[in-house]
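Here is the structure we will look at.
There are 2 protein chains.
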Amino acid sequence: MTAPKRPLRADARRNREAVLDAAGELFAQRGDAVQMDEIAERAGLGVGTLYRHFADKQALLAAIIGRRFEAMTTLARAADEAEDPWAAFETLLYGYLESAQADAAFRFALLGPEEPSWNDIAAEKTDFSAITERIVQRAVDAGRLREDFRADDFVLVTRGAMANMTGAGGWRRHVTLLLEGIRSPER
Amino acid sequence: MTAPKRPLRADARRNREAVLDAAGELFAQRGDAVQMDEIAERAGLGVGTLYRHFADKQALLAAIIGRRFEAMTTLARAADEAEDPWAAFETLLYGYLESAQADAAFRFALLGPEEPSWNDIAAEKTDFSAITERIVQRAVDAGRLREDFRADDFVLVTRGAMANMTGAGGWRRHVTLLLEGIRSPER
DNA sequence: CCATAACCTGAACCTGAACTCCGGTTCCGA
DNA sequence: TCGGAACCGGAGTTCAGGTTCAGGTTATGG
Chain D
1 MTAPKRPLRA DARRNREAVL DAAGELFAQR GDAVQMDEIA ERAGLGVGTL
51 YRHFADKQAL LAAIIGRRFE AMTTLARAAD EAEDPWAAFE TLLYGYLESA
101 QADAAFRFAL LGPEEPSWND IAAEKTDFSA ITERIVQRAV DAGRLREDFR
151 ADDFVLVTRG AMANMTGAGG WRRHVTLLLE GIRSPER
Chain Z
1 MTAPKRPLRA DARRNREAVL DAAGELFAQR GDAVQMDEIA ERAGLGVGTL
51 YRHFADKQAL LAAIIGRRFE AMTTLARAAD EAEDPWAAFE TLLYGYLESA
101 QADAAFRFAL LGPEEPSWND IAAEKTDFSA ITERIVQRAV DAGRLREDFR
151 ADDFVLVTRG AMANMTGAGG WRRHVTLLLE GIRSPER
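So the sequences go chain by chain: D and Z. Position 83 of the first sequence, counting from 1, maps to 83 under full-length UniProt numbering, and the rest follow consecutively. Position 143 of the second sequence, counting from 1, maps to 143 under full-length UniProt numbering, and the rest follow consecutively.
Here is the structure:
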C-alpha cells in the first residue's frame, strides 16, 4: 500500500525528512496547535510540499506519533532486558513518562480519544503493548506488583500521570502516590 | 462590577436563564466543542441574544463553570458534615469525580491549563479549596490518609482520575489503585 | 546534454465558526 | 394608553487556518 513504485527522488527524500524533523519538533513543543505554515517555514519549504508528502495535517501528525511509538517500543525492549523485574517495570514506567513529558504530541495522542486516522499506528502500538504486558506480568509474578495488576492498569497509571504534566510538574508525585498508596500505611 | 444598574427586564432574565440552561446541558455533554448557534437554537433564541448576555463564548463557558464550582462547594460543605473523617473524604472525592464524569465542560476547565478568563471564578475556587483543605487535614489527623498528604495532592488525584474518563470508565479502578497503592501489599 | 516526469512554491481559495448590526419587537413606568 | 429604552433575531461579516493548483524548477535516465 505504501509501496513506492520507484525510489523517491533525492530531493524529495531530503525534503520529506526535513518536514518530519520540523513537524516533530514543533508538535512535540506545542502539540496539535501548530499550523502547517509554521512547519513549512521551519523546514524551509513551501506548504505545498508538505501536502505532496502527507495527505493532510492528520496524516503528518500520525507519522510523527508513529515514530514516537517506535522509540517507545525500543525503550520497552531495553527495559525488558533487566533481570530484576521491578527494575524493568520502573525503567519502563519512568522512561515512558519522561518521553511523554518531552512531547506534547505524544500526550495528545495518548490522552485524547481514539482517532480513526491513528490506524496506521496500530501495528507499533500492538508491539509496544505486548512487551509492556510481559514486563508487567514479570513484576506481578515476582510479587512486586499487586496480584491483580494488569496491562490495562498500566495505561490508567500513565494517563493519570500525563494529566498532571501541564504546568508545574507534579506528575512524579502522582506516580509516587500511585506506587505507595494514598491511605495511611498502618491502615 | 457585575452590579446591574436596574434589575433585568423580565424577558431578558428569562432568556438569560434559557441560555444558561441550554449552554449548561450542551457543554456538559460535549464540552468546548459545541457552537454558539447550537446553543441559541436549543435555547429557542437568536445568536445575537447570547452575545447580549455574554461577551463571548469564553465568558459563557466561564459562567457555566462557575455554576458547577458553586455546586461543588455545596457538595464539599455537605461532605464536611460527616463526623467520620474518612467518610467525609470519600464523599468529597467520589462526589467530585462523579460530577466531573457527568460534565465534560467541568473536566475541560479542570484538565486544561489555567485560562486567564477563568478569573471570575477565582472566588468560588478559593471557597472550594478551603473546605477541601479542611477535609483532607481531618483525614490526615485521623490517621486515615498518609502523613504527607496535602490539598495539592487532592488535585493530582482528581486530575489523574479525570484523565481516565474518556471511553470506558476506568476511573474508579484508577482511584482504587491510588487508594491502595500499586505495589504488592507485603512489600 | 535533452526530454520529461517528478517535484516545489506560495498566493489564492474554501470552510467553518465566532461575532456584529440594525430593523423590528417588547416591556415598563408614568 | 403611550413613548421610548431595552431587548431580540438571524442574515451577513470577519477571520483564522487548512488545502489546492497553475506555473516554474530540478533531478534523472538515455
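For glycine and all other residues, C-beta sits at the position ideal for the given N, C-alpha and C. Just so we're clear, the structure is a prediction, and the values are computed from it rather than from any experiment.
Once the 5 residues before and after residue i are set aside, which same chain residues still bring their CB inside 6 Å of it?
{"i": "D/A18", "result": "A43"}
{"i": "D/G24", "result": "I64"}
{"i": "Z/N164", "result": "G170, W171 and H174"}
{"i": "D/L60", "result": "A23 and F54"}
{"i": "D/D32", "result": "F108"}
{"i": "Z/A151", "result": "T132, E133 and V136"}
{"i": "D/R183", "result": "none"}
{"i": "D/Y51", "result": "none"}
Quick check: does the Cβ of residue i come within less than 7 Å of any heavy atom belonging to the ligand MN?
{"i": "Z/W118", "result": "As presented, the structure is devoid of all ligands, the ligand MN included, so that no description of it is given."}
Who are residue i's beta bridge partners in DSSP?
{"i": "Z/L145", "result": "D/R183"}
Rounded to whole angstroms, what's the CA-CA distance from residue i to residue j? Just pull it up for me.
{"i": "Z/G167", "j": "Z/G143", "result": "35 Å"}
{"i": "D/A82", "j": "D/F149", "result": "20 Å"}
{"i": "Z/H174", "j": "Z/E90", "result": "14 Å"}
{"i": "Z/D153", "j": "Z/P7", "result": "43 Å"}
{"i": "Z/D56", "j": "D/L20", "result": "37 Å"}
{"i": "D/R172", "j": "D/Y94", "result": "9 Å"}
{"i": "D/R138", "j": "D/D127", "result": "17 Å"}
{"i": "residue 253 of chain D", "j": "D/A62", "result": "Since the first residue shown for chain D is 1 and the last is 187, residue 253 of chain D is missing from the structure and cannot be characterised."}
{"i": "Z/G112", "j": "D/E114", "result": "19 Å"}
{"i": "D/R181", "j": "Z/L145", "result": "With the sequence shown as reference, residue 181 of chain D is identified as Gly, and Arg is not the correct amino acid for it. Going from the Cα of D/G181 to the Cα of Z/L145 covers about 9 Å."}
{"i": "D/R30", "j": "Z/A161", "result": "24 Å"}
{"i": "Z/L178", "j": "Z/V136", "result": "15 Å"}
{"i": "Z/D141", "j": "Z/E147", "result": "8 Å"}
{"i": "Z/A40", "j": "Z/D11", "result": "15 Å"}
{"i": "Z/A105", "j": "D/L75", "result": "36 Å"}
{"i": "D/V155", "j": "Z/R9", "result": "53 Å"}
{"i": "Z/E38", "j": "Z/R13", "result": "20 Å"}
{"i": "residue 188 of chain Z", "j": "Z/A122", "result": "Only positions 1 to 187 of chain Z appear in this structure, which leaves residue 188 of chain Z out of reach."}
{"i": "Z/D120", "j": "Z/M36", "result": "21 Å"}
{"i": "D/V47", "j": "Z/T176", "result": "49 Å"}
Please state whether DSSP places residue i in a helix, a strand or coil.
{"i": "D/M165", "result": "coil"}
{"i": "D/G170", "result": "coil"}
{"i": "Z/E83", "result": "coil"}
{"i": "Z/R138", "result": "helix"}
{"i": "D/L8", "result": "coil"}
{"i": "D/R77", "result": "helix"}
{"i": "Z/R150", "result": "coil"}
{"i": "Z/T2", "result": "Because the pLDDT of Z/T2 is 46, which lies under 50, any placement of that residue in the model is unreliable, and the question is left without a value."}
Just to confirm my understanding: we take residue i, look at its own chain, exclude 5 residues before and 5 after, and list those with CB closer than 7 Å. What are they?
{"i": "D/A102", "result": "A28"}
{"i": "D/V34", "result": "L26 and F27"}
{"i": "Z/K125", "result": "F69"}
{"i": "D/D80", "result": "A88, I131, R134 and I135"}
{"i": "D/Q58", "result": "S117"}
Grab me the residues of residue i's own chain with a C-beta within less than 8 Å of its C-beta, minus the 5 sequence neighbours each way, in chain order.
{"i": "Z/N15", "result": "A43, L45, T49 and H53"}
{"i": "D/T73", "result": "E124, D127, F128 and I131"}
{"i": "Z/R77", "result": "I131"}
{"i": "Z/T158", "result": "L93, Y96, L97, A100 and L110"}
{"i": "Z/P85", "result": "I135, R138, A139, D141, A142 and R144"}
{"i": "residue 189 of chain Z", "result": "The requested residue 189 of chain Z does not occur in the structure, where chain Z is confined to residues 1 to 187."}
Going along the chain, which unbroken runs of the alpha helix (DSSP H) with 4 or more residues stay wholly within the UniProt domain "HTH tetR-type" (13 to 72) of chain D? Complete alpha helix (DSSP H) runs here, min 4: 36 to 43 and 47 to 53.
Can you give, in chain order, each stretch of the alpha helix (DSSP H) that sits fully within the region 85 to 126 of chain Z and has at least 4 residues? Annotation note: the region 85 to 126 of chain Z contains the following uninterrupted alpha helix (DSSP H) runs of length 4 or greater, listed N- to C-terminal: 85 to 102 and 104 to 111.
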